[in-house]
Amino acid sequence: MNKILLVGNPNVGKSALFNRLTGLDVIISNYPGTTVDWTKGTVRIEGKIYELIDAPGTYALEPTCEAEEVTAKQISEMKDKDIIINVVDATNLERNLYLTLGLLETGKPMLVALNLWDDTKHKGIDIDVKKLEKFLQVPIITTSGLTGTGIKNLIEEVKNAVNPNIPRHTSDEKWKDVGKIVLEVQKIKHRHHTIIEKFEDLTIRPITGIPVAIMVLFLIFAVVGFIGEGLINNVFDPLFENFYLPVIENLADVLKGNEILYKIFIGTLIDGEIDLFASLGVLTSGVYIPLAAVLAYIIAFYLVLGILEDSGYLPRLSVLTDSIFHKFGLHGFGIVPTILGLGCRVPGVMATRAFETRKQRFIAITLLAISIPCSAQTAALLSLWALTQNFNYIYVVFAILFFIYVINGILLNKFIKGESPEILLEIPPYRKPVLKIVLKKLWVRVKVFIFKAFPVIFLGMLLLNILDILGIVNILTTIFEQIFKNLFGLPAMSVLPIATGFLRKELAVGMLIPLVVSGTLNIQQLIIASVLVVITFPCIATFGIMFKEMKKTELLLFVLIVFVNIIIVGVVLKILLMGF
643 MNKILLVGNP
653 NVGKSALFNR
663 LTGLDVIISN
673 YPGTTVDWTK
683 GTVRIEGKIY
693 ELIDAPGTYA
703 LEPTCEAEEV
713 TAKQISEMKD
723 KDIIINVVDA
733 TNLERNLYLT
743 LGLLETGKPM
753 LVALNLWDDT
763 KHKGIDIDVK
773 KLEKFLQVPI
783 ITTSGLTGTG
793 IKNLIEEVKN
803 AVNPNIPRHT
813 SDEKWKDVGK
823 IVLEVQKIKH
833 RHHTIIEKFE
843 DLTIRPITGI
853 PVAIMVLFLI
863 FAVVGFIGEG
873 LINNVFDPLF
883 ENFYLPVIEN
893 LADVLKGNEI
903 LYKIFIGTLI
913 DGEIDLFASL
923 GVLTSGVYIP
933 LAAVLAYIIA
943 FYLVLGILED
953 SGYLPRLSVL
963 TDSIFHKFGL
973 HGFGIVPTIL
983 GLGCRVPGVM
993 ATRAFETRKQ
1003 RFIAITLLAI
1013 SIPCSAQTAA
1023 LLSLWALTQN
1033 FNYIYVVFAI
1043 LFFIYVINGI
1053 LLNKFIKGES
1063 PEILLEIPPY
1073 RKPVLKIVLK
1083 KLWVRVKVFI
1093 FKAFPVIFLG
1103 MLLLNILDIL
1113 GIVNILTTIF
1123 EQIFKNLFGL
1133 PAMSVLPIAT
1143 GFLRKELAVG
1153 MLIPLVVSGT
1163 LNIQQLIIAS
1173 VLVVITFPCI
1183 ATFGIMFKEM
1193 KKTELLLFVL
1203 IVFVNIIIVG
1213 VVLKILLMGF
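Right under this line is the structure:
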């Protein structure tokens, strides 16, 4: 199957064009030997099927990061009948044409999609397409991925792709050529700034942008919480209770005679009944938690994230937070997995793929998994502290978690080897998101979770139940009882709830409730227990996706960091709150 490679700078609308050209049969995968995502699908042109690849955005063919290396390699591996469609931002010719000239020098069959063409009118930009075609010596088609304008013409012109024959130039010579071309083919008319453009400026300046960012973040959590809870209560719970639970109950009747199989697949009865959430069987919690409790929030977050991406606000939020995240070895994009993690850590971990280096990804995942409570856990903590007469101490818990995030970020940046490149983001204009494109991106991302993360979570639950049956879990609990009592000042009864956090964090918090009601935990101990529940190993759903995203050595280092944090934080909090 011949290939068509979409190549262009970041934020030129490649993904929108890709979505217009392909159907729902889209695959996102890592390029072999890298952590870089690339998207591929198929497109039929005059009865012939092509594999369409949305290559990672790049500014030049001289790579400066892993993503650009992938694009350069994809181009070098092209066969004779493969084609390049160079996607160019029509509103920013000067920046885009440097890559175009580099692609022309490869001699590969190509054509140019002059994208975002509708925006040129709004910005007073007039481009002589015919003259530009003469300069570049390849077909040029004006397109808009958002509206679909020019897509039909682009498909028809694929067969006319040209093998350019131009001599190679130095970088300086190419920039001079770009300047000459732009001077000849582009004219800009004077006009006044629109209200939208003035708002764009306000959202990028710290003094006005930060208050807007706070409001946007608040709105994100409100919308995601509303959608996530709505999906669980009105869609997933009715489906599971009406169609899945009866099947499991029938299976439970069959397995009653075999205690081991019953324990593994069904789990423990709660108040004499099967509880899909809390029974902790492979076919109960192992299916319900990832495909209902987690999936609902993944759908909600990716829907909101898609709207933020396509509206053009996400790059602005990243720029506003860039200086803060640099202290942790990250850049402004660190705000994205953090936001996602506050809803559900699974999409948060998956979002770290956008970082350029393994150091950045490791730091981002570690900070997320250690100190960011998901929305379900946050809600459970609020409910737990509401049972006490000292609800305001919940803010102490969150302040401690914030402090843990900052300290770990600074230390990891200092001691983890590797590069932390600067953020390179184009700030696109605000645009109205297209629902069809947002929903298609949502489907692709949800499909990745279902087919990649769910099997790992399912198998993880199976392994954990087997370890429980073998008595290994009880042995570990007995060992940790003395550690919790002597080092952290916590009663032995708190070990099981905190250890249960590996299965579900909010379930672990819920298991602390009897200890609060009975007075077993005082306020100081409850603060320590609340913090330890968060910073101990992430839930099995998150750990499953971490297993897919991290190398074995990175995962082992993460485990070591978790243990160090548990001991240091537990001991320090005991000394500060309870004395020696």
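Heads up, the sequence shown is in this note's numbering, so the first residue is 643 and it goes up one at a time.
A virtual CB, placed ideally from N, CA and C, is assigned to each residue, including glycine.
Taking only the alpha-carbon atoms, compute the straight-line gap between residue i and residue j and give it to the nearest angstrom.
i: Thr706; j: Pro1063; result: 9 Å
i: Thr618; j: Arg847; result: Here the chain has residues from 643 to 1222 only, and residue 618 is not among them.
i: Gln716; j: Val936; result: 35 Å
i: Thr1162; j: Tyr1072; result: 55 Å
i: Lys1190; j: Asp1110; result: 24 Å
i: Glu693; j: Leu648; result: 11 Å
i: Ile769; j: Gln828; result: 5 Å
i: Phe777; j: Glu711; result: 28 Å
i: Ala1021; j: Gly976; result: 24 Å
i: Ile1170; j: Ala755; result: 58 Å
i: Lys969; j: Ile1046; result: 14 Å
i: Glu883; j: Ile1052; result: 46 Å
i: His973; j: Leu1009; result: 14 Å
i: Ile670; j: Leu1105; result: Bear in mind that a pLDDT of 48 at Ile670, under 50, signals an unreliable position, so the number given afterwards is only what the model happens to contain. Distance between the alpha carbons of Ile670 and Leu1105: 28 Å.
i: Lys898; j: Val889; result: 14 Å
i: Ile1114; j: Ile646; result: 53 Å
i: Lys750; j: Ala1041; result: 56 Å
i: Gly675; j: Asn1034; result: At Gly675, the pLDDT of 41 sits below 50, so the modelled position is not reliable and the matter cannot be decided from this model.
Can you tell me which of the options puts its alpha carbon nearest to the alpha carbon of residue i?
i: Ala732; options: Lys721, Ile1111, Leu694, Ser786; result: Ser786
i: Ala855; options: Thr700, Ile1092, Ser960; result: Ser960
i: Lys723; options: Val800, Leu745, Thr789; result: Val800
i: Ile654; options: Leu739, Ser718, Leu694; result: Note that residue 654 is Val in the sequence shown, not Ile. Comparing Cα positions, the closest option is Leu739.
i: Leu887; options: Phe919, Leu873, Leu903, Leu1084; result: Phe919
i: Lys721; options: Val729, Thr1008, Leu741, Met752; result: Met752
i: Ile874; options: Ile941, Val889, Gly914; result: Ile941
i: Cys1181; options: Leu1215, Pro1139, Ile1079; result: Pro1139
i: Ile1187; options: Gly983, Ala1028, Ser1160, Gly766; result: Gly983
i: Met992; options: Asp761, Phe1091, Ser953; result: Phe1091
i: Leu893; options: Ile849, Tyr904, Glu883, Asn884; result: Tyr904
i: Thr742; options: Glu775, Asp760, Ile767; result: Glu775
i: Leu1249; options: Tyr930, Lys840, Gly872, Gln1167; result: This structure cannot settle anything about residue 1249, because the visible part of the chain is limited to 643 through 1222.
i: Asp895; options: Ile916, Leu1118, Lys818, Ile912; result: Ile916
i: Ala1150; options: Asn1164, Met1135, Pro957; result: Met1135
i: Gly821; options: Lys840, Arg737, Thr1120, Leu844; result: Arg737
i: Ile808; options: Leu1197, Arg958, Thr748; result: Thr748
i: Thr1101; options: Lys682, Ile906, Val730; result: The sequence as given places Leu at residue 1101; Thr does not occur at that position. Comparing Cα-Cα distances from Leu1101 to each of Lys682, Ile906, Val730, the minimum goes to Ile906.
i: Lys765; options: Asn1128, Pro1070, Val685; result: Pro1070
i: Met643; options: Leu745, Leu659, Gly689, Leu911; result: Gly689
i: Glu951; options: Leu1077, Met1192, Leu1197; result: Leu1077
i: Tyr1037; options: Leu1023, Phe1200, Ile726; result: Leu1023
i: Leu956; options: Thr845, Ala658, Trp759; result: Thr845
Per the DSSP calculation, residue i is bridged to which residue(s)?
i: Ile769; result: Gln828
i: Asp731; result: Asn757
i: Ile872; result: Residue identity check: residue 872 is Gly in the sequence provided, not Ile. Paired residues: none, contrary to the question.
i: Lys690; result: Ile687
i: Glu915; result: Ile912
i: Lys794; result: Lys794 is not bridged to any residue.
i: Leu922; result: Gly909
i: Ile646; result: Leu694, Ile725
i: Met1135; result: Its beta-bridge partners do not exist; DSSP assigns none.
For residue i, is the classification buried or exposed, using 16 other Cβ atoms within 10 angstroms of its Cβ as the cut-off for buried?
i: Ile830; result: exposed
i: Ala1011; result: buried
i: Asp814; result: exposed
i: Tyr939; result: buried
i: Arg810; result: exposed
i: Tyr944; result: buried
i: Ser965; result: exposed
i: Tyr701; result: buried
i: Leu1202; result: exposed
i: Met1103; result: buried
i: Gln1002; result: buried
i: Val877; result: exposed
i: Thr681; result: buried
Using a Cβ cut-off of 9 Å (strictly closer), state whether residue i contacts chain D.
i: Gln1002; result: Absent here is chain D; the protein component of the structure consists of one chain.
Going by beta carbon distance, what residues of the same chain come within less than 6 Å of residue i, once the five residues before and after it are set aside?
i: Ala1183; result: Pro932, Val936, Val988, Ile1099
i: Ile797; result: Ile687
For residue i, which residues in the same chain have their Cβ closer than 8 Å to its Cβ, ignoring the five residues on either side in sequence?
i: Val1088; result: Leu937, Ile940, Ile941, Tyr944
i: Ile1208; result: Leu1174, Ile1177, Thr1178
i: Leu1029; result: Ile1155, Val1158, Val1159
Which residues in the same chain have their Cβ closer than 7 Å to the Cβ of residue i, if we skip the five residues on either side of it in sequence?
i: Gly909; result: Ser921, Leu922, Gly923, Thr926, Ser927
i: Arg662; result: Gly787, Gly790, Ile793
i: Phe1096; result: Pro932, Leu933
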